[in-house]
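Scroll down for the structure; my scribbles are underneath it.
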Amino acid sequence: MFSEELKTLRKLGFRHLLLQVLNFASVLASGLMIWKALGLVTNTESPIVVVLSGSMEPAFYRGDLLFLVNPPNTRYQIGDITVYKIPGQEIPIVHRVLETHDIAKTVNGVREAVRRPENQLLLTKGDNNYLDDVELYQGLDWLERKHIVGKVRGFLPYLGYVTIVMNDFPKLKYAVLGGLGLLALIQRE
Amino acid sequence: MARGGKGPADSPKDSTATPSPRSILPITPTPSKDRDVVKVNNANLIELKNALDDAIKRFLSRPDLFKQIHLHTDVRLALGWTSVIIAGSTAFYSYRLDFEQTKPVIWIGLIVYFILTSIQALYAYFVEGDIIFVGKRKTFDKRIVTERITLSSRTKPSTPENPPGYTLSLTYRRSTNAGKSLLGRGQTSESRPYTAFFDDEGVLDHDRFETWVGEIVGRAMEPEWQ
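Protein chains in written order, with this note's numbering: chain U, 1 to 189; chain V, 1001 to 1226.
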């Protein structure tokens, strides 16, 4: 099946092979760089996430794509939908902010809250859950600002299903990637 | 004043001289037995052009004709692979470490990648353009004569009257003294429809194509011969 292409490759030489692989690699590289640029602009490590559970219904369903931002010096308000990651857990969780407090420090013998964005403490709850998230915090009483990946600023329904399916069937992911790679190496456009 | 080709009979002391430039003309096609069949999709203009471009590269880099200079390809490879490696390492670094920690590195990586990609695009557009082959030939004819030939090709889109055409342009430069004294220069350009070289099935008639290319190269090389 590939004898034609292999013959052409051998005839055209090593440089040609390098060029073809470069075409493929540079498509991947540019995708990666665009993703990183998006992350820098929104100040979050994953600017686009997929909803995996139904805990935010009817606002977000499983398979929705969410767009996150993490403005550096703003406080999170009650009602913001945040995505947070507990240290030790791999999967981030999308829930709504229920309460906010601030880390307290003792100043001149008086204990008062230092109202700065990075000192915020948050409590979240999924819209579709009965209880708030304290059980999910793995021992913490409050979420700290550093655990938050970002807050949701937009969403697209259903598009996340591609990722869910690829994660549930890893063979599909390799098949798609392998197929795309082959196509890129063989074509010459 | 035209000088005839120097053979061993003309100058006995030059019996080991390489042939003078003139003697590569007329350029004949490669024998069929050395050629593989080239078959492309007739309807795909890009494939047609690529097939002809590849045929030119194979033909003109024949040992008795020109030696291909790979400068443009090498520049593109170097810039391209450098930017890919930078992209890869930036991504790997940010994957390994914390987001906040890696932010300045990602900025630097992104900017360098963007600069490299822009340079690559600008080079391909301005410097490389339509060029498909750059070849060189050195001969010894009482002095070292360097010949340099540059071919560029373009597809002429089809009109209701004409089928799509292949325009081949050629510049030729002959110099000596390591390029400092110009001996001759030639430039030519010609267009032929793709249908002249590909048949119904999309098989390339390499005899006809190479004869045509040989003619054009000969035309560019001849007029300025001193």
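In this text, a Cβ means the ideal position worked out from N, Cα and C, and glycines have one as well.
Problem - Sequence ranges, alpha helix (DSSP H) only - wholly within the segment 1083 to 1148 of chain V, length at least 4 - result: The DSSP assignment places 1099 to 1122 as complete runs of the alpha helix (DSSP H) inside the segment 1083 to 1148 of chain V, in order along the chain (cut-off: 4 residues).
Problem - Minimum C-alpha distance to G1080/V - residue among L121/U, L66/U, Q20/U, T124/U - result: Start at 1 with the first residue of the second sequence, and residue 1080/V comes out as number 80. Relative to G1080/V, the option among L121/U, L66/U, Q20/U, T124/U whose CA is nearest is Q20/U.
Problem - Neighbour flag for E112/U against chain V, beta carbons, 8 Å - result: Locating residue 112/U in the first sequence gives position 112, counting from the first residue. Chain V contact via Cβ: absent.
Exercise for the section: In angstroms with no decimal places, state the Cα-to-Cα distance between K171/U and G1165/V. Expected result: Indexing the first sequence from 1 puts residue 171/U at position 171. Indexing the second sequence from 1 puts residue 1165/V at position 165. When rounded, the distance between both Cα atoms is 46 Å.
Exercise for the section: List the whole-angstrom C-beta distance separating K1136/V from R1154/V, where the pair is believed to meet the contact cut-off of C-beta under 8 Å. Expected result: Taking the second sequence and counting its residues from 1, the one referred to as residue 1136/V is at position 136. Taking the second sequence and counting its residues from 1, the one referred to as residue 1154/V is at position 154. So it is not a contact: roughly 23 Å between Cβ atoms.
Handout entry: CA nearest to the CA of R1143/V, picked from I1115/V, V1127/V, R1174/V
Key = Taking the first residue of the second sequence as position 1, residue 1143/V is located at position 143. Ranking I1115/V, V1127/V, R1174/V by Cα distance to R1143/V puts R1174/V first.
Practice task
Check whether the Cβ atoms of G1109/V and T1082/V lie closer than 8 Å to each other.
Solution key: As a first step, residue 1109/V is located in the second sequence; it is residue number 109 there, counting from the start. As a first step, residue 1082/V is located in the second sequence; it is residue number 82 there, counting from the start. No, the pair does not count as a contact, with Cβ atoms beyond the cut-off.
Handout entry: Cutoff 8 Å: I1115/V Cβ touching any chain U Cβ
Key = What you label residue 1115/V is simply residue 115 of the second sequence in a count that begins at 1. With 8 Å as the cut-off, I1115/V does not count as an interface residue toward chain U.
Handout entry: Best match in L1151/V, T1139/V, K1138/V for proximity to G1129/V [C-alpha to C-alpha]
Key = Within the second sequence, residue 1129/V is the residue found at index 129, counting from 1. Scanning L1151/V, T1139/V, K1138/V for the CA closest to the CA of G1129/V turns up L1151/V.
Exercise for the section: Flag R62/U as yes if its beta-carbon sits less than 8 Å from any beta-carbon of chain V, otherwise no. Expected result: Walking along the first sequence from the start, residue 62/U turns up at place 62. When Cβ-Cβ separations below 8 Å define contact, R62/U makes no contact with chain V.
Practice task
Identify each residue in the segment 75 to 103 of chain U for which the Cβ-Cβ distance to at least one residue of chain V is less than 9 Å, and report them in chain order.
Solution key: Look at the segment 75 to 103 of chain U: it has no residue with a C-beta under 9 Å from a C-beta of chain V.
Practice task
Determine the burial state of S1094/V: buried for a count of at least 16 other Cβ atoms within 10 Å of its Cβ, exposed for fewer.
Solution key: Your numbering for residue 1094/V matches position 94 in the second sequence. Around the beta carbon of S1094/V, 16 or more other beta carbons lie within 10 angstroms, which makes this residue buried.
Exercise for the section: Helix, strand or coil for E99/U, going by three-state DSSP, please let me know. Expected result: Reading the first sequence from its first residue, position 99 is the one you call residue 99/U. Here E99/U sits in strand by DSSP.
Handout entry: Neighbouring residues, chain U, relative to F1197/V (Cβ below 8 Å)
Key = The sequence position of residue 1197/V within the second sequence is 197, counting from 1. Taking a Cβ-Cβ threshold of 8 Å, none of the residues of chain U is close to F1197/V; the smallest such distance is about 18 Å.
Practice task
Answer yes or no: the CB of V50/U versus the heavy atoms of the ligand MN, is any distance below 7 Å?
Solution key: Ligands are entirely absent from the displayed structure, and the ligand MN is therefore not among its contents.
Practice task
Please confirm if H1206/V has its CB atom under 8 Å from at least one CB of chain U.
Solution key: Within the second sequence, numbered from 1, the residue matching residue 1206/V stands at position 206. Chain U, which has no Cβ nearer than 8 Å to the Cβ of H1206/V, makes this no.
Handout entry: Beta carbon proximity, M33/U to chain V, threshold 8 Å
Key = Translated into positions along the first sequence, residue 33/U becomes position 33. Cβ-Cβ to chain V under 8 Å: yes for M33/U.
Practice task
Please go through the same chain and pick out, in chain order, the residues whose beta-carbon is closer than 8 Å to the beta-carbon of L1116/V, but skip the five residues on each side of it.
Solution key: As a position in the second sequence, residue 1116/V is number 116, starting the count at 1. Excluding residues within five positions, the ones whose Cβ falls inside 8 Å are L1079, T1082, S1083, I1086.
Problem - Opposing strand residues paired with P1193/V [DSSP bridges] - result: As a position in the second sequence, residue 1193/V is number 193, starting the count at 1. In the DSSP output, where bridge partners are listed per residue, P1193/V has G1165/V.
Practice task
Measure the Cβ-Cβ separation of Q120/U and Y76/U and say whether it is below 8 Å.
Solution key: Working through the first sequence from its first residue, we reach residue 120/U at position 120. Working through the first sequence from its first residue, we reach residue 76/U at position 76. Yes, these two residues count as a Cβ contact at 8 Å.
Problem - I993/V versus F1066/V: straight-line alpha-carbon distance, rounded - result: A question about residue 993/V goes unanswered here, because the residues of chain V that appear run from 1001 up to 1226.
Handout entry: chain V contacts from the segment 15 to 39 of chain U (Cβ-Cβ distance under 7 Å)
Key = Under the 7 Å Cβ criterion, the segment 15 to 39 of chain U contributes R15, L18, L19, L22, A25, S26, A29, L32, M33, K36, A37.
Practice task
Give the single residue among L1077/V, P1031/V, P1063/V whose Cα lies nearest to the Cα of A256/U.
Solution key: With chain U represented from 1 up to 189, any question about residue 256/U goes unanswered, as that position is not in the structure.
Problem - Exposure of I1132/V, with buried meaning 16 or more beta-carbon neighbours within 10 Å - result: Position 132 of the second sequence, counted from the first residue, corresponds to residue 1132/V. Buried, because 16 or more other Cβ atoms sit within 10 Å of the Cβ of I1132/V.
Practice task
Tell me, please, whether the CB atom of E144/U is closer than 8 Å to any CB atom in chain V?
Solution key: Position 144 of the first sequence, counting from 1, holds the residue named residue 144/U. Chain V, which has no Cβ nearer than 8 Å to the Cβ of E144/U, makes this no.
Exercise for the section: State yes or no: is the beta carbon of V1084/V nearer than 8 Å to at least one beta carbon in chain U? Expected result: Locating residue 1084/V in the second sequence gives position 84, counting from the first residue. V1084/V belongs to the set of residues whose beta carbon lies under 8 Å from a beta carbon in chain U.
Handout entry: Beta carbon proximity, H1070/V to chain U, threshold 8 Å
Key = Looking up residue 1070/V in the second sequence gives position 70. The beta carbon of H1070/V falls within 8 Å of a beta carbon belonging to chain U, placing the residue at that interface.
Exercise for the section: Using 10 angstroms around the beta-carbon of A246/U, count the other beta-carbons present and answer buried if the total reaches 16, otherwise exposed. Expected result: In the structure as shown, chain U starts at 1 and stops at 189, and residue 246/U therefore has no counterpart that could be examined.
Exercise for the section: Run down chain C in chain order and give the residues with a C-beta less than 7 Å from the C-beta of E45/U. Expected result: No chain C appears in the structure shown, which is made up of the protein chains U and V.
Handout entry: Inter-residue spacing [alpha-carbon to alpha-carbon] between E135/U and I86/U
Key = Within the first sequence, residue 135/U is the residue found at index 135, counting from 1. Within the first sequence, residue 86/U is the residue found at index 86, counting from 1. The alpha-carbon of E135/U is positioned some 11 Å away from that of I86/U.
Handout entry: DSSP state of R115/U mapped onto helix, strand, coil
Key = As a working mapping, residue 115/U is identified with position 115 in the first sequence. It is coil, neither helix nor strand.
Practice task
Enumerate in chain order the residues of its own chain whose CB-to-CB distance from S53/U is below 7 Å, with the five nearest sequence positions on each side excluded.
Solution key: Here residue 53/U is taken as the residue at index 53 of the first sequence, counted from 1. Correct list, in chain order: R62.
Practice task
My understanding is that V94/U touches M56/U, with C-beta atoms under 8 Å, so please give their C-beta distance in whole angstroms.
Solution key: Stepping through the first sequence from its first residue, residue 94/U is reached at position 94. Stepping through the first sequence from its first residue, residue 56/U is reached at position 56. With a contact defined as Cβ atoms closer than 8 Å, V94/U and M56/U qualify at about 6 Å.
Practice task
Starting from T82/U, follow the beta strand (DSSP E) in both directions and report where the run begins and ends.
Solution key: One-based indexing of the first sequence puts residue 82/U at position 82. Counting along the chain, the beta strand (DSSP E) containing T82/U begins and ends at 81 to 84.
Handout entry: 8 Å Cβ cutoff met for L68/U and F60/U
Key = Translated into positions along the first sequence, residue 68/U becomes position 68. Translated into positions along the first sequence, residue 60/U becomes position 60. No Cβ-Cβ contact shorter than 8 Å links L68/U with F60/U.
Exercise for the section: Closer than 7 Å by C-beta to A977/V: which residues in its own chain qualify, once you throw out the five before and the five after it? Chain order, please. Expected result: Given that chain V is displayed from residue 1001 to residue 1226, the structure contains no residue 977/V and the question cannot be resolved.
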